Structures are given as C-alpha cells and as structure tokens.
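S.K.: Counting in our numbering, the sequence shown runs from 143 upward without gaps.
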Amino acid sequence: MMRATPILAALAASLFGVMVWIVHSVLKPAAGGLPPFDERILGYDLEQAQAYLNALDSTGKALYLVELRLLDSAFPVVFALLLGHLIMSQAANMHPWSRLVLVIPAAGYAMMDLCENALVAGLLRAGADGITPEMVARASQFTVSKWVLLLISLGLLSVLWAVRMRQEKGRD
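In structure tokens:
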C-alpha cells in the first residue's frame, strides 16, 4: 500500500507544478496581475469577479477554460487520493469505518474543487456583463469550501501523524 505514496505524490506535485507555472507565467499576466478565482481563499464578490473578467484577455480566458481546467480536474482527484491514502496509512490501527470517516474531508475537497471548476467556467463563459450576484456567490462559496476542506484534511493528517509518532516513541 505504501508504494502508492510516491506515485501519487509525484503525480500530484507534477500537476500542481504545471498549474502554478501556467497561472504565474500566463494567466496572471493575462489578467493584469489579478489572481484567478481558484486562488482567492476568502472568496470574491460580484465587483471583484467583474474586475477579474474585464481584465482577463481572450488568451487567458481560453487557457483557463481548456488547459488549466483539464489540469485542475485531474489535480484535486489525484491530491485527494494522496491525502486519503496518507490519512488511511496514519490511522492504520483504527477501526476500518473510522478510517473511512477520516477521509471524508479529502473527498469533499475534491468534490468542491471540481464543482468550483464548473462554476468558474460558467463565470468565464458569461463574461463580466453576463454574470449575476447569485452565480458569483455560488462559485465563491465552492472556492471557500474547497480551501476549508483542504485545510481540515491537512490538519487531520498532521494530527494523525503526530499521534502516530508519539505512539511509536512511547514504544521505544
């Protein structure tokens, strides 16, 4: 089971690295330096969404809708699998049902990110003049939820790791 860790980690890191490179080398410059929706941890409102969509040029919009969206559809799935795998291995001594419950935040993170991608694509297609406050609020809520679930997953993994290290240290 541990053989999956380096494979998932390498795949997740590769996808993340390519996405970061695209965002910082092409997408941010195509939007006058404004961060994309996905990076806005605290969300965004109608005015911010319109400002971003007005600033984003056609190359950036196309990149966001095609290449980046494909990468950002694969990444959350791979990263959630990695998180779930690590959580399951750190909780190896727990009851199987408890272990399954512990991976719910990681699975939720992937679902929120995938839904966010679909909602952001809708914002991009609608454009600054076609978006509504409801569309923006929904997309923003998924963005924030994605980040919250990711932080919960990472925190949970950290706690499980610390508990396991403490247990192993106690055996010495």
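Where a beta carbon is used, it is the ideal one built from N, C-alpha and C, also for glycine. Computed from a prediction, not measured in an experiment: that's the story for all the values here.
Look at Leu225 and Ser300 and say whether their C-beta atoms are less than 8 Å apart.
M.R.: Taking the sequence shown and counting its residues from 1, the one referred to as residue 225 is at position 83. Taking the sequence shown and counting its residues from 1, the one referred to as residue 300 is at position 158. Result no, Cβ atoms of Leu225 and Ser300 do not sit closer than 8 Å.
S.K.: Considering only C-alpha positions, which residue in the set Ser287, Leu228 and Asp255 is nearest to Leu212?
M.R.: Counted from its first residue, the sequence shown places residue 212 at position 70. Ranking the options by Cα distance to Leu212, first place goes to Asp255.
S.K.: Taking buried to mean at least 16 other C-beta atoms within 10 Å of its own C-beta, is Ile273 buried or exposed?
M.R.: Mapped onto the sequence shown, residue 273 falls at position 131. Label assigned to Ile273: buried.
S.K.: Compare the beta carbon distance of Glu258 and Ala281 with 8 Å and say whether it is the shorter of the two.
M.R.: Taking the sequence shown and counting its residues from 1, one reaches residue 258 at position 116. Taking the sequence shown and counting its residues from 1, one reaches residue 281 at position 139. Yes, Cβ-Cβ distance for Glu258 and Ala281 is below 8 Å.
S.K.: Would you mind giving the Cβ-Cβ distance between Leu266 and Leu205, rounded to the nearest angstrom? I have them listed as a contact below 8 Å.
M.R.: For the purposes of this step, residue 266 is taken as the residue at position 124 of the sequence shown. For the purposes of this step, residue 205 is taken as the residue at position 63 of the sequence shown. Their Cβ separation, rounded to whole angstroms, is 10 Å, which puts Leu266 and Leu205 out of contact at 8 Å.
S.K.: Considering only residues of the same chain and omitting the five flanking positions on each side of Phe284, which have a CB-CB separation below 7 Å?
M.R.: Residue mapping note: residue 284 aligns to position 142 of the sequence shown, counting from 1. Hits under 7 Å: Met254, Cys257, Glu258 and Leu261.
S.K.: Ignore the nearest five residues each way along the sequence and tell me which others in Leu298's own chain have a CB closer than 7 Å to its CB.
M.R.: The residue given as residue 298 occupies position 156 in the sequence shown. Answer for Leu298: Ile229, Leu244 and Pro247, listed in chain order.
S.K.: Measuring CB to CB, does Val278 end up less than 8 Å from Asp187?
M.R.: Walking along the sequence shown from the start, residue 278 turns up at place 136. Walking along the sequence shown from the start, residue 187 turns up at place 45. Against a cut-off of 8 Å, the Cβ pair of Asp187 and Val278 comes out as a contact.
S.K.: Apply the 10 Å Cβ neighbour rule to Ala172 and answer buried if 16 or more other Cβ atoms are within range, or exposed otherwise.
M.R.: Position 30 of the sequence shown holds residue 172. Ala172 comes out buried.
S.K.: Would you please state the rounded distance, in angstroms, between the beta carbons of Leu150 and His227? I believe it to be under 8 Å.
M.R.: One-based indexing of the sequence shown puts residue 150 at position 8. One-based indexing of the sequence shown puts residue 227 at position 85. Yes, they are in contact, since the Cβ atoms of Leu150 and His227 sit about 6 Å apart, within 8 Å.
S.K.: Just how far apart, CA to CA, sit Phe158 and Gln309?
M.R.: The count along the sequence shown starts at 1 and reaches residue 158 at position 16. The count along the sequence shown starts at 1 and reaches residue 309 at position 167. If you take the alpha carbons of Phe158 and Gln309, they lie about 33 Å apart.
S.K.: Determine the DSSP secondary structure at Leu254, reduced to helix, strand or coil.
M.R.: Walking along the sequence shown from the start, residue 254 turns up at place 112. Contrary to the premise, residue 254 reads as Met rather than Leu in this sequence. Residue state, collapsed to three classes: helix.
S.K.: Going by DSSP in three states, Asp187 sits in which element: helix, strand or coil?
M.R.: Taking the first residue of the sequence shown as 1, we reach residue 187 at position 45. Note: Asp187 maps to coil in three-state DSSP.
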